[in-house]
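No gaps in the numbering here: position 335 of the sequence shown is 387 in the numbering used here, and each next residue is one more.
Every residue gets a Cβ at the ideal spot worked out from N, C-alpha and C, and that includes glycine.
Owing to the predicted nature of the structure, the values given are computational and were not obtained by experimental measurement.
Worksheet for the structure shown next.
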Amino acid sequence: MTQIDNSDPKKSFKEDFMNRVKSVKPTRWVRFGIVTALFIAWMIWLGEWWPAIFILLLFDIYITGYIPFTWWKKSKNKTVRSVMSWVDAIVYALILVYFVFSFIGQNYQIPSSSLEKTLLTGDYLWVNKITYGPRVPMTPVHFPLVHNTLPIINTKSYLDHPSVEYRRLKGLRSVESGDIVVFNFPAGDTVATRYEASPEYYDILVDRFGRERVHNDKNTFGDIIYRPVDRRQNFVKRAVGLPGETIKIVNDTIYINGVAQAMPENVQFNYIVALSSQLSPEFIHDLGISNEDIQYISPALSPIDRANLLTWLPKADITSHFYSTPLTDGMIQTLREKGMLKDLVKASALMPQRSYLFPKGLAADWSLSDYGGEDGILIPAKGMTVPLNETTWATYNRAIRNYEGHHDAYISDGIVYIDGKPADSYTFNMDYYFMMGDNRDNSQDSRFWGFVPEDHIVGTPVFVLISFDKDRSIFNGGIRWNRILRDANPDK
Numbered sequence: 053m054t055q056i057d058n059s060d061p062k063k064s065f066k067e068d069f070m071n072r073v074k075s076v077k078p079t080r081w082v083r084f085g086i087v088t089a090l091f092i093a094w095m096i097w098l099g100e101w102w103p104a105i106f107i108l109l110l111f112d113i114y115i116t117g118y119i120p121f122t123w124w125k126k127s128k129n130k131t132v133r134s135v136m137s138w139v140d141a142i143v144y145a146l147i148l149v150y151f152v153f154s155f156i157g158q159n160y161q162i163p164s165s166s167l168e169k170t171l172l173t174g175d176y177l178w179v180n181k182i183t184y185g186p187r188v189p190m191t192p193v194h195f196p197l198v199h200n201t202l203p204i205i206n207t208k209s210y211l212d213h214p215s216v217e218y219r220r221l222k223g224l225r226s227v228e229s230g231d232i233v234v235f236n237f238p239a240g241d242t243v244a245t246r247y248e249a250s251p252e253y254y255d256i257l258v259d260r261f262g263r264e265r266v267h268n269d270k271n272t273f274g275d276i277i278y279r280p281v282d283r284r285q286n287f288v289k290r291a292v293g294l295p296g297e298t299i300k301i302v303n304d305t306i307y308i309n310g311v312a313q314a315m316p317e318n319v320q321f322n323y324i325v326a327l328s329s330q331l332s333p334e335f336i337h338d339l340g341i342s343n344e345d346i347q348y349i350s351p352a353l354s355p356i357d358r359a360n361l362l363t364w365l366p367k368a369d370i371t372s373h374f375y376s377t378p379l380t381d382g383m384i385q386t387l388r389e390k391g392m393l394k395d396l397v398k399a400s401a402l403m404p405q406r407s408y409l410f411p412k413g414l415a416a417d418w419s420l421s422d423y424g425g426e427d428g429i430l431i432p433a434k435g436m437t438v439p440l441n442e443t444t445w446a447t448y449n450r451a452i453r454n455y456e457g458h459h460d461a462y463i464s465d466g467i468v469y470i471d472g473k474p475a476d477s478y479t480f481n482m483d484y485y486f487m488m489g490d491n492r493d494n495s496q497d498s499r500f501w502g503f504v505p506e507d508h509i510v511g512t513p514v515f516v517l518i519s520f521d522k523d524r525s526i527f528n529g530g531i532r533w534n535r536i537l538r539d540a541n542p543d544k
C-alpha cells in the first residue's frame, strides 16, 4: 500500500495531521472504510472489543502514514525494492490465509478409506467452519499453511504459548445426526511422533509395549509429545450419536435411544466372497475398490483351510476364486448382475474384531457389529450428571480427566476421586459426540477411542475440491474429474 509522507518539521502535529488527512485520495478513504467495516463486523462476531485498538493502526496504514511500513519503496536499491515487494505481498497473503483458515473454512485431505464410498482416499475437501461456528484459535501463534509440523525440518509449526481457552463463535447450527464432521483426534493428545499418522496411537502402543519402552525407545517410537487440542491430527467421520443420546449396535444396525437408524447409502462392510472368475485390475478399479483394500485368497491354501472357507460359503466350490474386500450393497449387486458372485459372508462372522474397543474393561464381549451391550452407551451432554462408580468410570474417565481438565481424577477401592476429593457424581461441562466411518469394518472411530468433545469439532465438509486416485498415474485416470465440486455428504 502506498503511503504519503506530508510531514513538515516546521508544522505542529495538528497541522501535519490535518494536512495528511486532507491530501488522501477518495479511493483510499473507500478502502479504509471497507476494511474497517469488515474488521468491526469480525469484532461483533468475536464478541470482543479490545481489538478496536487496531483500527488506529488501520487508519495510519490507509490515511496518515506515520509508521513507515513502505519505507522500502523509497529505497534507491532495486534489489531491496524487488525483495521487499515480495515480502510485503507474502505477509498480506499469510494474514489473509490465517483469518480465512481460522474463521471461514479450510481445505483438508482424506488420507484413509474410513469413509468410503462417501468420501474417497485422495479427496481434497473444503471444510466449512461457519456452520457450527469457528473456534477461536487455541494456539493463536501458528504457521497457517501447515497443521502441526513444518515440512523438511520436522519441527512444530506452532508455539505452545500463548494459549487461549476454548471458545466457539456463533454458528448457523449445531452438529446433526448424519453430518460428516472434521474434528481433532481426541486420543491424539499424547503422541509418539513416529506413530502419529498410524492407527496405533499412543494408548495402544502403551498397552502393547509398555509405557517404559514407548518413552525410552526413541529409535522405534520417536519423541513423546503433547499436542494442544487444535493441533491434534484431523479426522473425518460421520456423527451417528449426539449429546444425551444412548447408542448401541446390533448386527451392524445402529440404535439411537432404542430406535433403529437407516444405513447410509454408501456404507460398506468387509466380506469374504467366492467368485466364478478372478478379477482383473481394471474391473477392481471400476468396481471402486482400492488396491490396498482387496486381498486375493490364494488357491494354495491348505485343504483344511479351503474346507473351512467352503463351510462358511456353502454355495462355492473348489473352482471358486476367494477375495477379502469391503463392499457396498451396490457393489454386491454389480457382482450378482454379472453372474460372478457365488457366495459371500461377512468377515466379522469369521473374525469378530474385539481388541481395543471402548470402553476398556467393559467391551470385552462386544464387537464392531454388536456394540454397546444390552443397555448401550449414554453419550455425555453439557449439564448432564452421571453417578460415579466402577462402570461409569470406565466409560467417562477419559472425558473427565483429559477433556474437561480434572487431571487429578482416579478411582481407588471403588471410590472415584476428582481433584483429590471423593465424588459420587459428575456434571459435564461440554457436549460430546459418537463418530463412525461408513467403511464400518475399516474405521478407527468412537468404537475404539470413545467420545469426541465439542471443543475438538473443526467443521463440516461441503464439497470436494479435487480428488486423486493413488492407484493411477496422473495421465492415466489419476485425477477423478467426476468428483470435482461434488457434494461431500450426498446422504445428508
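Pick from the options that is closest to residue i, judged by C-alpha positions
i: M487; options: K289, P186, M95, P295; result: K289
i: N309; options: I299, N318, R279, P316; result: I299
i: N240; options: N454, N494, A446; result: According to the sequence provided, residue 240 is Gly. The question's Asn does not apply to it. It is N454.
i: R279; options: M190, V234, A314; result: M190
i: A249; options: P120, S229, I162, V193; result: I162
i: D427; options: W124, P103, P351, T444; result: T444
i: T437; options: A461, Y478, K74; result: Y478
i: G293; options: G502, F527, D345; result: G502
i: I564; options: N180, Y176, I147; result: Here the chain comprises residues numbered 53 to 544, so residue 564 is not present and cannot be evaluated.
i: W364; options: A399, S332, I306, S354; result: A399
i: S127; options: S137, Y118, I119; result: S137
i: L339; options: T386, G457, P316, A368; result: T386
i: S419; options: V149, F500, P432, R358; result: F500
i: V143; options: T131, N129, T122, K130; result: T122
Buried or exposed (CB count within 10 angstroms, at least 16 for buried), residue i
i: T380; result: buried
i: A401; result: exposed
i: G425; result: exposed
i: G185; result: buried
i: M53; result: With a pLDDT of only 48 at M53, under the threshold of 50, the placement of this residue in the model should not be trusted; the figure read from the coordinates follows. With fewer than 16 other Cβ atoms within 10 Å, it is exposed.
i: F374; result: buried
i: A326; result: buried
i: L257; result: buried
i: D497; result: buried
i: P238; result: buried
i: Y210; result: buried
i: T447; result: buried
i: S64; result: exposed
i: E67; result: exposed
i: M383; result: buried
i: R283; result: buried
i: P251; result: exposed
i: K394; result: buried
i: F151; result: exposed
i: H459; result: exposed
i: G117; result: buried
i: A540; result: buried
Distance CB(residue i)-CB(residue j) smaller than 9 Å
i: Y253; j: F273; result: no
i: I429; j: T377; result: no
i: I531; j: F515; result: no
i: H337; j: D490; result: no
i: I232; j: P505; result: no
i: H508; j: V281; result: yes
i: R492; j: Q320; result: yes
i: I107; j: I92; result: yes
i: I182; j: L224; result: yes
i: L110; j: V87; result: yes
i: N236; j: F287; result: yes
i: R72; j: Y114; result: no
i: V193; j: R220; result: no
i: Y485; j: V227; result: yes
i: I370; j: I349; result: no
i: M403; j: S328; result: no
i: I452; j: I467; result: no
i: W97; j: K222; result: yes
i: I301; j: Y423; result: yes
Supposed contact pair residue j and residue i - C-beta distance, whole angstroms, cut 8 Å
i: P196; j: D483; result: Not really, about 28 Å apart at Cβ, beyond 8 Å.
i: N318; j: T173; result: N318 to T173, Cβ: 14 Å. No contact.
i: F480; j: K434; result: 6 Å
i: S421; j: N303; result: 6 Å
i: N200; j: Y176; result: Not really, about 18 Å apart at Cβ, beyond 8 Å.
i: S229; j: A314; result: Incorrect: roughly 11 Å between the Cβ atoms, too far for contact.
i: T245; j: I277; result: 6 Å
Short CB-CB distance (under 9 Å) between residue i and chain D
i: V216; result: Going by chain labels, chain D is absent from the structure shown, which holds only one protein chain.
Quiz item: Can you give, in chain order, each stretch of the beta strand (DSSP E) that sits fully within the stretch 388-418 and has at least 3 residues?
Solution: You should have 393-398.
Quiz item: Which parts of the stretch 226-267 are runs of the beta strand (DSSP E), unbroken and 3 residues or longer, counting only runs that do not cross its ends?
Solution: You should have 232-236, 242-244.
Quiz item: Which whole runs of the beta strand (DSSP E) in the stretch 423-493 are 3 residues long or more, in chain order?
Solution: You should have 437-439, 461-464, 467-470, 473-475, 477-479, 484-488.
Exercise. Return the chain-ordered ranges of every beta strand (DSSP E) run that is complete within the stretch 272-311 and spans a minimum of 3 residues.
Key: Segments of the beta strand (DSSP E) lying fully in the stretch 272-311: 276-278, 286-293, 298-302, 305-308.
Self-check item: Every unbroken beta strand (DSSP E) within the stretch 109-175, with a cutoff of 3 residues, ordered by chain
Solution: Listed in chain order, they are 157-161.
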